[in-house]
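**Student:** Position 130 of the sequence shown, counting from 1, maps to 1265 under this note's numbering, and the rest follow consecutively. Note that beta-carbon positions come from the ideal geometry of N, C-alpha and C, so glycine has one too.
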Amino acid sequence: MSFEEHCSLLFNDNNKTRILSEQIGVLNDVQSIDLEIYKSFVDFFKSTEVIDKKSMLIAMNFTYGWMPTMLKLPKGNIANCIDTLINILNKAKSCVKIDNTEFQLLKSNFNNSVVGTSKLLHFINPDIYPILDSKILEYLTSNKYSVLHHINKVELYEKYMNFCNQMTSISGFMQFKSEVCKKLGVEVSSLRAIEIVMYYKQLRRPLI
């Protein structure tokens, strides 16, 4: 079954916001320090007018504070394309959606990880790039999708982005987002509101 088919089974046109709204209670599990750390990451890029080599390297390393593995930059390769990487990140910051080729180049220089790259892009521009990780994919596919096999595919991230953007345009979404922000006590982007509920809901689920 495809990713889209899994999502369509979980969310149909009548229950998309209802399902997420009924799960907002899981945000009681969010620690205040995690909210502060998240805000610090996002604020770093808000205060960075233009991303340069220094800010890119700082961001790559703090992003991996939210990853289960250490950052290992490819030897030599990143030096050969650093200007291109910086240009891609500034493109993302300027609210221009990067294409799959550009995402792949970032990924290949960032632990070859779609998850890590999605987090970096989200901190740069949380209004365009949602965070994807294994818990969110497990939530969307009810643990029946081969998470380890599919999560590192750039094409899957593009489908996930499309899904999240579709969610933001449905009736009742702004009320859902308002409830999430009220529960958290801070303002977050629409994409963050969606993925944080899915993430914390999945943390409570037993693995099948």
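Give me the residue from Q1310, R1327 and V1321 with the minimum Cα distance to E1157.
**Tutor:** Closest option to E1157, Cα to Cα, is Q1310.
**Student:** Whether or not the region 1319 to 1330 and the region 1246 to 1255 are in contact is what I'm after, with contact meaning three or more pairs of Cβ atoms, one per stretch, closer than 8 Å; do they touch?
**Tutor:** No, because fewer than three Cβ pairs between the region 1246 to 1255 and the region 1319 to 1330 fall closer than 8 Å, the two stretches do not touch.
**Student:** Nearest by alpha-carbon distance to K1207: which of I1172, N1247, V1332 and K1312 is it?
**Tutor:** Ranking I1172, N1247, V1332 and K1312 by Cα distance to K1207 puts N1247 first.
**Student:** With burial defined as no fewer than 16 other Cβ atoms inside 10 Å of the residue's Cβ, what is the status of I1343: buried or exposed?
**Tutor:** With a pLDDT of 47 at I1343, under the threshold of 50, the modelled position of this residue cannot be trusted; read the value that follows with caution. Answer is exposed; the Cβ neighbour count stays below 16.
**Student:** Rounded to whole angstroms, what's the CA-CA distance from L1241 to K1174? Just pull it up for me.
**Tutor:** One C-alpha to the other measures close to 23 Å.
**Student:** Given V1177, which residues of its chain have a CB within under 7 Å of its CB, disregarding the five upstream and five downstream residues?
**Tutor:** These residues qualify, in order along the chain: F1258 and P1261.
**Student:** Rounded to whole angstroms, what's the CA-CA distance from T1276 to S1313? Just pull it up for me.
**Tutor:** Straight-line Cα distance between these residues: approximately 26 Å.
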